[in-house]
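Participant: Just dropping this structure here.
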Amino acid sequence: MEKPILEVDNLRIRYGGASVEAVRGVSFTLGRERLGIVGESGSGKSTVGRALLRLLPGATITADKLRFGDLDLLTLSEREMLKVRGRRMSMILQDPKFSLNPIRRVGDQVAETYLRHFKCSKAEARDKALAMLEAVKIRDPKRVYEQYPHEISGGMGQRVMIAMMLLADPDLVIADEPTSALDVTVRLQVLNILDGLVRDRGIGLIMISHDLNLVRNFCDRVLIMYAGRVVETLAAQDLDRAEHPYTRGLLAAQPRIGGGRAPLAVLDRQPEWLEEKA
Amino acid sequence: MSVSVETRDVSITFGAGPAAVRVLPSVSFSVSPGECFGLVGESGSGKSTVLRCISMLTDIWTGDILLDGKSVRDMPLIERCRTLQMVFQDPYGSLHPRQSVRTVLNEPLVIHKLGDREERMRKAITDVGLPVSFLDRFPHQLSGGQRQRVAIARALILEPSLLLLDEPTSALDVSVQAEILNLLQRLREERGFTYIMVTHDLAVVDHMCDRFAVMLHGEITEVLPREAIPANGATHPYARELIGASLDYERAH
């Protein structure tokens, strides 16, 4: 078997001052595949994503194993981490309105990734950024390069974000709710662009989302999280055959086009879902 | 207890002079009593603005909005508030953080000089499926779904006949969304409310609404019955695109 990109074993995260752990013993490995992490708000899915990039100041992270390629993410110094973030592992955030710097030109922000991680001239970085903007299907990259974030639409902003995060050709991209802030009509376009690039370049993808439809269509494997624990791991196409009552409850709670008008199934939360598997 | 709504050529312009933007060029639609009417469209298409016009939260519009044939403009504030109420999108932002549920529900009763306050508050809170003890809680002691229930209770306490729902579930998880949609559906069956519901999720429209309008740049491109969704029976290109995208999103495998 191919060497996995990421190995996580028994990951536990506790926020400073919190009495309970936000993430309780999450384990998974990731190869060159697309992994979805689904769960409700507060289930710890984003916390896992952030912990991988060590973006949780003040939180205590422990794990039996947290390996990224040949690196041990638990022992890396902050200095070494800077070489990992954005270069080998990057993160696409939810809302481009808040995650792009409002007072810098869009293109310069994309080019910064390249300037920071590779020895090159500004002109080279600019060319790389333009090519990348084209790769995310922005029609007039030269014009968009010079624009400010408020001048572009949400869908365009998210494509810029994708360009920025893929420019350094990372091994792993973590997408945290990449399309929840977008309209349905542009959501699919953005997802297809991300999907195409990730596949072409053989990048590992972790897609964090609360949307079961989305992970079903754009992931190979899905982890379902509840209260800081992984309750079930499934191949995306087997989602309908989920066994855990929580997963089934989530699927049934979703209204569907063409579905009946009967009251939607409501989750009947069981206390034993909280317990750790023996 | 239901009311018909008719909007005729409602138009609104923000700003003045060369910077003026016509947000709604001319919106006309009618909703029959007891109907659930959906407003869908992309962000910035004016869906929420229509609700704000109907509720007079924004009152600089021109045209006519009639509730049971009576213009909302001519209604005194007290009467208007007893006819229509609004539920907002984000339950984290629409409840006062330092007011208990009791204070929130009591205020409209005081303003409208209604008696049996304790009784009414108990009824409103049980109607939305929360225990009476929740009256003494503060918003930070409630989950998102519970907060939205309180927001619905606040809207119900004056016994309106028209509820304006501005994306009532888009800030909530699917599991919680199901609870709120079931609640809204049940209340409509029991009380015969008229709903106007803004949403961007066509699956929710299909589940809740009888008819819906597709908006684009402030204009209603098309009013469609619910049945038009599964087979994409829209004729306007944008409405087709929107329904098509939602269908693809749901069905793509």
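The listed protein sequences correspond, in order, to chains E and H. With my numbering applied, the first sequence corresponds to residues 113 to 390, in that order. With my numbering applied, the second sequence corresponds to residues -16 to 236, in that order. For every residue, glycine included, the Cβ atom is placed at its ideal position computed from N, Cα and C. Model, not experiment: these values are computed from the prediction.
Sort H:Ala211, H:Ala154, H:Arg234, H:Gly175 by Cα distance to Pro74 of chain H and report the nearest one.
Facilitator: Numbered from 1 along the second sequence, position 91 holds the residue referred to as residue 74 of chain H. Nearest option by C-alpha distance: H:Ala154.
Participant: Shortest alpha-carbon distance to Cys36 of chain H belongs to which of H:Ala136, H:Leu118, H:Leu147?
Facilitator: What you label residue 36 of chain H is simply residue 53 of the second sequence in a count that begins at 1. Comparing Cα-Cα distances from Cys36 of chain H to each of H:Ala136, H:Leu118, H:Leu147, the minimum goes to H:Leu147.
Participant: Rounded to the nearest angstrom, how far is the Cβ of Ala339 of chain E from that of Leu386 of chain E, given a contact under 8 Å?
Facilitator: Residue 339 of chain E sits at position 227 when you count from the first residue of the first sequence. Residue 386 of chain E sits at position 274 when you count from the first residue of the first sequence. 5 Å between Cβ atoms; contact.
Participant: Given a cut-off of 8 Å on the beta-carbon distance, is the pair Val327 of chain E and Leu317 of chain E in contact?
Facilitator: In the first sequence, counting from the first residue as 1, residue 327 of chain E sits at position 215. In the first sequence, counting from the first residue as 1, residue 317 of chain E sits at position 205. Result no, Cβ atoms of Val327 of chain E and Leu317 of chain E do not sit closer than 8 Å.
Participant: Kindly indicate if chain H contains any beta-carbon less than 8 Å away from that of Gln206 of chain E.
Facilitator: Taking the first sequence and counting its residues from 1, the one referred to as residue 206 of chain E is at position 94. Not closer than 8 Å to any Cβ of chain H, the Cβ of Gln206 of chain E fails to qualify, so no.
Participant: Of all the CB atoms in chain H, is at least one closer than 8 Å to the CB of Gly371 of chain E?
Facilitator: Along the first sequence, read from residue 1 onward, the residue named residue 371 of chain E stands at position 259. Output row for Gly371 of chain E: interface = yes.
Participant: According to DSSP, is Tyr178 of chain H part of a helix, a strand, or is it coil?
Facilitator: Along the second sequence, read from residue 1 onward, the residue named residue 178 of chain H stands at position 195. If DSSP states are grouped into helix, strand and coil, Tyr178 of chain H belongs with the strands.
Participant: Please classify Ile204 of chain E: is it buried, with 16 or more other beta-carbons within 10 angstroms of its beta-carbon, or exposed?
Facilitator: The residue labelled residue 204 of chain E in the question sits at position 92 within the first sequence. Ile204 of chain E is buried by the Cβ-count criterion.
Participant: Which complete alpha helix (DSSP H) runs does the region 203 to 277 of chain E hold, if anything under 4 residues is left out?
Facilitator: DSSP runs (the alpha helix (DSSP H)) wholly in the region 203 to 277 of chain E: 208 to 211, 218 to 229, 234 to 247, 253 to 257.
Participant: Just grab the DSSP bridge partners of Leu147 of chain H for me.
Facilitator: What you label residue 147 of chain H is simply residue 164 of the second sequence in a count that begins at 1. For Leu147 of chain H, which the question treats as bridged, DSSP gives the partners H:Met69, H:Ile179.
Participant: Taking Thr86 of chain H as the reference, which of H:His183, H:Val159, H:Asp149, H:Phe121 has the closest Cα?
Facilitator: Within the second sequence, the letter at position 103 stands for residue 86 of chain H. Closest option to Thr86 of chain H, Cα to Cα, is H:Phe121.
Participant: Would you tell me roughly how many angstroms separate the C-alpha atoms of Arg194 of chain H and Ala280 of chain E, rounded to the nearest one?
Facilitator: The sequence position of residue 194 of chain H within the second sequence is 211, counting from 1. The sequence position of residue 280 of chain E within the first sequence is 168, counting from 1. Rounded to the nearest angstrom, the two C-alpha atoms are 48 Å apart.
Participant: Could you please tell me which residues of the region 177 to 209 of chain H, in chain order, have their CB closer than 7 Å to any CB of chain E?
Facilitator: Those residues of the region 177 to 209 of chain H that come within reach of chain E (Cβ to Cβ, closer than 7 Å) are His183, Leu185, Ala186, Val187, Asp189, His190.
Participant: How would you call His322 of chain E, buried or exposed, if buried means at least 16 neighbouring beta carbons within 10 angstroms?
Facilitator: The residue you call residue 322 of chain E lines up with position 210 of the first sequence. Burial call: buried.
Participant: Excluding sequence positions up to five away, which residues of its chain have a Cβ less than 6 Å from the Cβ of Tyr358 of chain E?
Facilitator: Position 246 of the first sequence, counted from the first residue, corresponds to residue 358 of chain E. Cβ neighbours of Tyr358 of chain E beyond the five flanking positions: Tyr338, Val343, Trp385.
Participant: List in chain order: all unbroken alpha helix (DSSP H) runs of 4+ residues lying wholly within the region 154 to 206 of chain E.
Facilitator: Segments of the alpha helix (DSSP H) lying fully in the region 154 to 206 of chain E: 157 to 164, 190 to 196.
Participant: With 8 Å as the threshold, decide whether the Cβ of Ala228 of chain H is near any Cβ in chain E.
Facilitator: The residue you call residue 228 of chain H lines up with position 245 of the second sequence. Yes - at least one Cβ of chain E is within 8 Å of the one on Ala228 of chain H.
Participant: Do Glu114 of chain E and Arg144 of chain E have their CB atoms nearer than 8 Å?
Facilitator: Position 2 of the first sequence, counting from 1, holds the residue named residue 114 of chain E. Position 32 of the first sequence, counting from 1, holds the residue named residue 144 of chain E. A contact, by the Cβ cut-off of 8 Å.
Participant: Fully enclosed by the region 179 to 208 of chain H, which alpha helix (DSSP H) runs are 4 residues long or longer?
Facilitator: Whole alpha helix (DSSP H) segments, 4+ residues: 185 to 191.
Participant: Given that Glu25 of chain H touches chain E, what residues does it touch there, using C-beta distances under 7 Å?
Facilitator: Reading the second sequence from its first residue, position 42 is the one you call residue 25 of chain H. Chain E residues near Glu25 of chain H: Asp295, Thr297.
Participant: Using a Cβ-Cβ cut-off of 8 Å, state whether Pro375 of chain E counts as contacting chain H.
Facilitator: For the purposes of this step, residue 375 of chain E is taken as residue 263 along the first sequence, with counting starting at 1. Yes, Pro375 of chain E counts as interfacial toward chain H.
Participant: Is the Cβ of Gln391 of chain E closer than 8 Å to any Cβ of chain H?
Facilitator: Residue coverage of chain E in this structure runs from 113 to 390, which leaves residue 391 of chain E outside it and unanswerable.
Participant: Check whether the Cβ of Ile43 of chain H lies closer than 8 Å to any Cβ atom in chain E.
Facilitator: Along the second sequence, read from residue 1 onward, the residue named residue 43 of chain H stands at position 60. By this cut-off, Ile43 of chain H is not an interface position.
Participant: Is there a Cβ from chain H that is less than 8 Å from the Cβ of Ala175 of chain E?
Facilitator: For this step, residue 175 of chain E is matched to residue 63 along the first sequence. False, the Cβ-Cβ gap to chain H never drops below 8 Å.
Participant: In terms of residues, what are the limits of the alpha helix (DSSP H) holding Thr86 of chain H?
Facilitator: Position 103 of the second sequence holds residue 86 of chain H. Per DSSP, Thr86 of chain H belongs to the alpha helix (DSSP H) from 84 to 94.
Participant: Just to confirm, are Met191 of chain H and Leu22 of chain H a CB contact at a threshold of 8 Å?
Facilitator: Position 208 of the second sequence, counted from the start, is the residue given in the question as residue 191 of chain H. Position 39 of the second sequence, counted from the start, is the residue given in the question as residue 22 of chain H. Contact flag unset, no.
Participant: Taking 8 Å as the CB-CB limit, is His236 of chain H close to chain E?
Facilitator: Reading the second sequence from its first residue, position 253 is the one you call residue 236 of chain H. Note on His236 of chain H: pLDDT 43, under 50, position unreliable in the model; the coordinate value appears next. Taking Cβ atoms only, chain E reaches closer than 8 Å to His236 of chain H, which makes this a yes.
Participant: Measure how close the beta-carbons of Val206 of chain H and Ala214 of chain H come, nearest whole angstrom, since I'm counting them as under 8 Å.
Facilitator: Here residue 206 of chain H corresponds to residue number 223 of the second sequence, with the count starting at 1. Here residue 214 of chain H corresponds to residue number 231 of the second sequence, with the count starting at 1. That belief does not hold up - the Cβ atoms of Val206 of chain H and Ala214 of chain H are roughly 17 Å apart, past 8 Å.
Participant: Looking at C-alpha atoms only, which residue of H:Asp(-8), H:Ser(-13), H:Ser(-15) is the closest neighbour of Glu202 of chain H?
Facilitator: To locate residue 202 of chain H, count along the second sequence from 1; it is residue 219. Closest by alpha carbon: H:Asp(-8).
Participant: I'd like to confirm the pairing. Which residues does DSSP put opposite Ala287 of chain E in its beta bridges?
Facilitator: Mapped onto the first sequence, residue 287 of chain E falls at position 175. In DSSP, Ala287 of chain E forms a bridge with E:Ile204, E:Met319.
Participant: Can you find the residues in the same chain that come closer than 6 Å, C-beta to C-beta, to Arg126 of chain E, ignoring five residues on each side of it along the sequence?
Facilitator: The count along the first sequence starts at 1 and reaches residue 126 of chain E at position 14. Excluding sequence neighbours, Arg126 of chain E sits near Glu133, Thr172.
Participant: As a quick exercise: from E:Leu183, E:Leu346, E:Gly370, E:Leu185, pick the residue whose alpha carbon is nearest that of Ala211 of chain H.
Facilitator: As a first step, residue 211 of chain H must be located in the second sequence, where it is residue number 228. When only C-alpha atoms are compared, the closest one is E:Gly370.
Participant: Mark Gln349 of chain E as exposed unless 16 or more other C-beta atoms lie within 10 angstroms of its C-beta, in which case mark it buried.
Facilitator: Here residue 349 of chain E refers to the residue found at position 237 when the first sequence is read from its first residue. When all chains shown are included, Gln349 of chain E counts as exposed.
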